[in-house]
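First to last, the protein sequences are chains A, B, C, D, E and F. Read in order, the letters of the first sequence correspond to residues 0 to 318 in numbering that gives the first Met the number 0. Read in order, the letters of the second sequence correspond to residues 0 to 318 in numbering that gives the first Met the number 0. Read in order, the letters of the third sequence correspond to residues 0 to 318 in numbering that gives the first Met the number 0. Read in order, the letters of the fourth sequence correspond to residues 0 to 318 in numbering that gives the first Met the number 0. Read in order, the letters of the fifth sequence correspond to residues 0 to 318 in numbering that gives the first Met the number 0. Read in order, the letters of the sixth sequence correspond to residues 0 to 318 in numbering that gives the first Met the number 0. Please read the structure below before turning to the comments.
There are 6 protein chains.
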Amino acid sequence: MNNKQIAEFKAGDEIQSFFILRALNIKTSSNNKKYLDMTLADKTGEINAKLWNIENGEENTFQTGQLVKVRGTVTLWQNSLQFKITKLRLTEEEDQVDVVDYVPSAPYSAEEMYEEVMSFVNRIVNNDVKNIVAKIYDMYKEPLMTAPAAKSNHHAVRSGLLYHMLRMLRSAEVLCGVYQNLNPDLVYAGVLLHDIEKINEMNSDDLGIVSEYTFDGQMLGHIIMGVKTIERVALEVGADHETSMLLQHMVLTHHYEPEYGSPKKPMIPEAEMLHYLDMIDARMYDMCRVYDQMDEGDFSDPVFVLDRRRLYKSSMHKE
Amino acid sequence: MNNKQIAEFKAGDEIQSFFILRALNIKTSSNNKKYLDMTLADKTGEINAKLWNIENGEENTFQTGQLVKVRGTVTLWQNSLQFKITKLRLTEEEDQVDVVDYVPSAPYSAEEMYEEVMSFVNRIVNNDVKNIVAKIYDMYKEPLMTAPAAKSNHHAVRSGLLYHMLRMLRSAEVLCGVYQNLNPDLVYAGVLLHDIEKINEMNSDDLGIVSEYTFDGQMLGHIIMGVKTIERVALEVGADHETSMLLQHMVLTHHYEPEYGSPKKPMIPEAEMLHYLDMIDARMYDMCRVYDQMDEGDFSDPVFVLDRRRLYKSSMHKE
Amino acid sequence: MNNKQIAEFKAGDEIQSFFILRALNIKTSSNNKKYLDMTLADKTGEINAKLWNIENGEENTFQTGQLVKVRGTVTLWQNSLQFKITKLRLTEEEDQVDVVDYVPSAPYSAEEMYEEVMSFVNRIVNNDVKNIVAKIYDMYKEPLMTAPAAKSNHHAVRSGLLYHMLRMLRSAEVLCGVYQNLNPDLVYAGVLLHDIEKINEMNSDDLGIVSEYTFDGQMLGHIIMGVKTIERVALEVGADHETSMLLQHMVLTHHYEPEYGSPKKPMIPEAEMLHYLDMIDARMYDMCRVYDQMDEGDFSDPVFVLDRRRLYKSSMHKE
Amino acid sequence: MNNKQIAEFKAGDEIQSFFILRALNIKTSSNNKKYLDMTLADKTGEINAKLWNIENGEENTFQTGQLVKVRGTVTLWQNSLQFKITKLRLTEEEDQVDVVDYVPSAPYSAEEMYEEVMSFVNRIVNNDVKNIVAKIYDMYKEPLMTAPAAKSNHHAVRSGLLYHMLRMLRSAEVLCGVYQNLNPDLVYAGVLLHDIEKINEMNSDDLGIVSEYTFDGQMLGHIIMGVKTIERVALEVGADHETSMLLQHMVLTHHYEPEYGSPKKPMIPEAEMLHYLDMIDARMYDMCRVYDQMDEGDFSDPVFVLDRRRLYKSSMHKE
Amino acid sequence: MNNKQIAEFKAGDEIQSFFILRALNIKTSSNNKKYLDMTLADKTGEINAKLWNIENGEENTFQTGQLVKVRGTVTLWQNSLQFKITKLRLTEEEDQVDVVDYVPSAPYSAEEMYEEVMSFVNRIVNNDVKNIVAKIYDMYKEPLMTAPAAKSNHHAVRSGLLYHMLRMLRSAEVLCGVYQNLNPDLVYAGVLLHDIEKINEMNSDDLGIVSEYTFDGQMLGHIIMGVKTIERVALEVGADHETSMLLQHMVLTHHYEPEYGSPKKPMIPEAEMLHYLDMIDARMYDMCRVYDQMDEGDFSDPVFVLDRRRLYKSSMHKE
Amino acid sequence: MNNKQIAEFKAGDEIQSFFILRALNIKTSSNNKKYLDMTLADKTGEINAKLWNIENGEENTFQTGQLVKVRGTVTLWQNSLQFKITKLRLTEEEDQVDVVDYVPSAPYSAEEMYEEVMSFVNRIVNNDVKNIVAKIYDMYKEPLMTAPAAKSNHHAVRSGLLYHMLRMLRSAEVLCGVYQNLNPDLVYAGVLLHDIEKINEMNSDDLGIVSEYTFDGQMLGHIIMGVKTIERVALEVGADHETSMLLQHMVLTHHYEPEYGSPKKPMIPEAEMLHYLDMIDARMYDMCRVYDQMDEGDFSDPVFVLDRRRLYKSSMHKE
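Structural data, given as structure tokens:
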């Protein structure tokens, strides 16, 4: 009986530990008994789990998003690991566990990141730009603390959106030093606003887990939603029309290619730079995630989000 | 000395007639004399014209958009016709000419078309939809009377935008009869709103001539501008959120392909139909315009706006 | 024991009803007994079914396309429903059931549709056009009554081809009213001929079920086959060469894009319109089919034939 | 005064020689005098030529396609050579010149090539295949003697079509030796028929000069026309249906890519080989034509028909 | 009990025969017993095989690449055949079997093919070209005898690389007869070198079975590796720079399209021809392989390596 | 008489100043007199110039690349400015002008830039990496001082290659601070080597002006040439194989897309970052160059190297 994390599970392991209930279905087996078909998760991954032959009503005890205590055995079924559960209960106060410790999260605390991100807002010189950004950040502070940057793929972790913007802001700052033709106000504002409507494009709970795209997210997408938010807030704070349009243009063009959602291409250098800042951060994140599961000297399998490329982890790689 | 229209000009013609001054440049010839390099236009076309050796100050008499009386000779220079002007003056009241008669226009009067278009607005049953459309049409009535639907290409004529929407509405009406799965309210509103922000995407004068794209037009384009206008007006009239979003979605998706400006594809049948109504009207317009200049039994040159296709005008064609 | 339709089946249901035998394989189980692996169908869908441990020779009793009476239980196996059969027999006269009631069919009777379609043939004014179309419809009347328009996807139902053309003809009629530059003779003939060789491109039985593409269908496809048929029939009825070529051109170009099978693009407005009539009818059909299985307020899964788009069914949708 | 060929013309040359009149326009100069604007050609190229200040009626003496005797001077105008003519007359019998010597032609006589091509027809073993090909070659013998394979580009010379097929047949013969899985009957027939309808796709005179595409050529193209011809002739000679279809399939698929005119791709190895035989011959022809104008050690300009590639002519090149 | 080859296996067969062990995994079943999950192969194909309930240590007896003697039963599991093994041992001397008879191989012996290939090397006239090729063939003789031309797909058999080049050389020889503008030295050398670094791009054992791509193969690929090898060897044999570059250019460009690995396109006719020789040989090989498994009159399933085309095997096909 | 720079020329200006002779052709006018057709350049641009009616032999006095003293008049011919020269002579010692002041150059001196670039070489920790880079920089020091980074477009100025690498190194340094998963040794080496063979891909004189691509440049391109140079130098300095391959891989993949010359995509994060560093520097350079010629509030014309986008120069732009 041990408390391994999911990434380390092997067939035959006897496990007793805490997990998040990510998905839950009640099904009926061939012998006509109800059973629970679940997805359990911790910081390191997910696994399919079954609790066979449940009592009537037992299925109503549990809801997705809860932290549960589980005992069971890891088995191999059709080449995949499966977790056969023998005991399952909700966590209780005396367990002294915090659900947040069981979800994948950004490497810094949301509070730290928020503070650093806000320091960039405060560094914006142009008043119209600052007012627009500050008002939006004021509106969205609460969801921003936990929002992921995606349903799956890059930065799909708790507070992933803050983390994505934080690293882009740091890069923006140093590159504005190298490329002095750039107006840092615009670059910072572009970073701060480009994905802000991901908060309303996806329904995520306070564990940073996205259950689905929202109605607005499906019908318009976060780019168009972001343009509309800037328009509205700029009118509210009485910002100059050109300034508002520059920010809307930066959000509209940051995916660059029409087939990725940008119907116009960047017409100012700050919008061009925003696109590359975004690409770099997403790619570095995804590559690190793949490297984490590789041994030195190996090639990975083709990685979907990296255009099906394989990665190589050389002896010169850095952690 | 005759008053042929431009489309009929031949080298050697002596012309005396009225034309619109579409473009005007003051240049200096190799013998160091100032001259006027102009584009003159009437309903049938355009021609380059020169007035040599002008007096100092004479160039300030004229502005683009004015109707002028011209006397001169048509010559051939490097395989193109050119109009060598000997007399040029502004029209005066006693000439009894109206500038509107000298610009290409839709085949119906703006007033007639506006009335028929508004009858569709009034036929909308859903109050939210009707209020949004009615309010926007109220705001834009004046520019709508003359606005063209393009800078060049399809419906680039005075009141061309009204004409484009009118024909689409007529098609929408009859196709809603065939495809009863469609909600006519949405289809009519989609047609009425899909290109409405072309009014603010291009600067056109009251002759329906576009001088250039606007700042907003270049930075966002009429599709995104249209989405924002619906958002704003829907809030103003207190429309239901889903209704507002459906209309925004229809405008956003009506170009269908990302590379033509639509970052999302239609998710409701009414948006799908809107796209085809738009394509059909544009293509019929452009094909008729090419046919007008062809003889029966001939193939046209490759036509740029028709993907460089040639057209064939058979003995079975209809006028 | 009930007689639910397939679309309503749930695990655990005890069913006794009639179904079409769409596919039939004799297999041997791991305990070396023969069993029947079948696909059963009704108007609402299909389901995999097993009849275990059959007697020698019993498998020869049944053939695909037959209507059978079945008793059995619905079970869940690897997340799919399966129909475990306990009794299976052919229908008999006293069952008083008609196989046609058990296959998906167009919403009107073939006879009604045929009559309306033929009324368009009769409305064609040009004699050459009318003779060509009339002769082809005379040749193909019988298979036309049941032919589907596809193996799967749009109008893949009994008499689906007639239904597809009928709706296109109705649209053609009303759009020729809006776009008077179109010659209705050509548009009607284009609709009537564009897919006519689907009859010979696919082998379909008189239930409108396609078993496979034909040799000619695979080697040339219905577009090229259609061009050849018009050529031959035009010579037989002594039609004018230009007329024959215009009809061949319309059929050749109706898929518009080379990668969808049209090596030339439309050079006459009637061919252009034919393409859009075809697209509209296919898309409306496919969208309605998806809507039928959706609840209001939901998004569908990505739909393969709609370029993997999701649909949304709003509160404003129409049945 | 010399008789240089056009490819050798330099500014300042005084020329007296024979040329083909490829194009002829009557124009009016700025001093209101008529003049002839011509294109003259010989085996080596073309040049623009002017005969100034012609007498009334003189322009009616000449027609395109005629061989004329010319005296004049080569000049440079706007970086292009131009031929200023002082004397121009039709050739007469005593000039003892043959128009055929003045047009670009295949390197062998049409008669020789025809004989060798027909020897391949005779080598076909399968009677149906042989009968189809033989009948078509019988029908088209006369135009085949002079027809070019294109309006411009590869094999756009007198008897170029015969030359194209001849080289493909020679390659076909030797490659059928290497790839014994191929049926030579099908490969030969494929070569012999693949471009045969170019004869009717373009109007060419007996100098092998194409004036324009035909009506059928524009509306359907030589591939579809070829499929129809095989269909018709196969019925006339009573050939087996499968055989006829294989030949039609080969012609239909020989351009391979939909965007180059083939709506289906090869489904038999002989059709696959036909495509490569065609590509090889076209590319070798075009490359040799470019090499002819290059010096050793040089790179060419980008060549349009070779996807805008430059060629390099090394010291190892062969003539 | 019989000794059928894998291609002929049917559910229920009792088999006793020799097979190559292509893959081997030790797994644990649901009842916690170890078992072997293997891929067995012979000249005709591969099959999944299981040996249940093995003794501890038994799994160490076997290694991939070995020839084993097997007894067992063919079963059907989830629509695939599976081989349930009851006895398994390594072959012994007295079995008198040779592993080479159990792997798919080129149709000629490596020695015969090598000799014919080398005769082309010897026929090269230019000393620099010959020295470069001869030296590389001297270096790579040993691996060349068994190397396949691919991991899967065309010529993925023992000595497949030699076979691929041999057929290309034969075609090259005869086409240089038809196209005398080609320098045979360059064409032969191009064929001999174009894929030579496949030897180092993939790790293959002496059965011609590729286990994986090499590090260099993944990082650069055989095209770039080939360019580097020619560069190095050309310097070693003191070849002329232009000559070395022409050979490097041919290798670099032989895949033609950038997306298939060629960053430049052919600039000399010999490189153009090399591309087509390569395509023809690959396509003929792949088509024959599909034909081998088809019956006359049938269409194949879509074939992945042939762009998902189906093939048709007519009554006129040749073996 | 003034000494304006070319960018400020207006028709009618009388100019006396120094210019670089960028191109020179001797031509013959219509009155059969020789004249010089030249391109003159200074730091600000280029202009076409004519010296009419030269004496025999005068044309031999001048060579491209020389600095000349010119007197003449600016005229307008067919909408372009032209420089009609009346006096032309070579510069002499007493003119006290330096040719370098008349060519567009990087904004820093080559020496300064070289020193900073070399400081990055010295900062490389891994000995193999450092040895490879140091040796190559030792070999190429001289041409590196003046080499441009392109024939036209980005960094096509004297010492442009050094400038391009310098800015990329500065960005690399700061981004390695943000993305600590990157090995700075590899990123620096990647930047230092990625374009190094542009030195041998283009023939440039010591003014940094490219006359043409070299033979090797055309046949292979700087990417493949760079891979070969690293291979050779790595062997010479005895570097580890994996290290050499990583550097070759970075150079090979830095254009990212096959159609831009990279047959493989990045498999390590440092190669991915190299691509973005390259893109950012090229785009910032090109955008600044366009901005330099724009007024605030204006849109540019479509810019070819920026995918034909227009730029907008707002009131918030920075110099």
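Positions of the beta carbon are idealized from the N, C-alpha and C atoms, including for glycine. Source: prediction; values computed, not measured.
In the three-state scheme derived from DSSP, where H, G and I count as helix and E and B as strand, residue 281 (chain A) is classed as helix.
In the structure shown, the three-state DSSP call for residue 207 (chain A) is coil.
Look at residue 131 (chain C): its C-beta is not under 9 Å from any C-beta on chain B.
Only exposed fits residue 55 (chain C), as fewer than 16 other CB atoms lie within 10 angstroms of its CB. Here the alpha carbons of residue 109 (chain A) and residue 255 (chain E) stand approximately 52 Å from one another. Near chain C, meaning a CB-to-CB distance below 9 Å, the residues of the segment 284-311 of chain E are 296, 298, 309, 311. Within the same chain, and ignoring the five residues on either side of residue 185 (chain C) in sequence, the residues whose Cβ sits closer than 6 Å to its Cβ are 269. Listed along chain F, no residue sits closer than 8 Å to residue 80 (chain D) by beta-carbon distance, the nearest being about 12 Å off. By the Cβ rule, the segment 125-133 of chain F counts as touching the segment 230-249 of chain F, because three or more pairs are nearer than 8 Å. Within the segment 204-289 of chain B, complete alpha helix (DSSP H) segments of at least 4 residues are found at 214-218, 221-236, 240-252, given in chain order.
Annotation: residue 53 (chain D) is outside any alpha helix (DSSP H) and is labelled neither H nor E by DSSP. CA-CA distance, residue 70 (chain C) to residue 35 (chain C), rounds to 14 Å. Residue 163 (chain F) places its beta carbon less than 9 Å from that of residue 284 (chain F). Taking residue 148 (chain C) as reference, the option from C:305, C:104, C:22 with the minimal CA-CA separation is C:104.
Residue-level contact by beta carbon fails for residue 95 (chain F) and chain A, as no gap is shorter than 9 Å. With fewer than 16 other beta carbons inside 10 angstroms of its own, residue 88 (chain A) counts as exposed. Residues of the same chain with a CB within less than 6 Å of the CB of residue 7 (chain A), apart from the 5 flanking positions on each side, do not exist.
Following the DSSP letters along the chain, one finds residue 159 (chain E) inside the alpha helix (DSSP H) bounded by residues 159-177. When rounded, the separation of the alpha-carbon atoms in residue 85 (chain D) and residue 50 (chain D) is 7 Å.
Rounded to whole angstroms, residue 146 (chain F) and residue 157 (chain F) show a C-alpha spacing of 6 Å. The beta-carbon separation of residue 214 (chain F) and residue 101 (chain F), rounded to 30 Å, does not stay under the 8 Å limit for a contact. At a cut-off of 9 Å between beta-carbon atoms, residue 138 (chain F) makes no contact with chain E. For residue 27 (chain F), the chain D residues whose C-beta falls within less than 8 Å of its own C-beta are 10, 11, 75, listed in chain order. Taking C-alpha positions only, residue 135 (chain D) is separated from residue 237 (chain D) by approximately 14 Å. For the segment 217-230 of chain C, the set of residues with a beta-carbon nearer than 9 Å to any beta-carbon of chain E comprises 217, 218, in chain order.
Residues are counted here when their Cβ sits less than 8 Å from a Cβ of chain C; for the segment 185-219 of chain D these are 214, 215, 217, 218, 219, given in chain order. The bridge partners DSSP lists for residue 104 (chain B) are B:157.
Here residue 38 (chain D) is bridged, per DSSP, to D:22, D:47.
Against chain C, a Cβ distance below 8 Å from residue 262 (chain D) picks out 220, 222, 223, 257, 260, 261, 262. In the structure shown, residue 131 (chain B) falls within a helical segment according to DSSP collapsed to helix, strand and coil.
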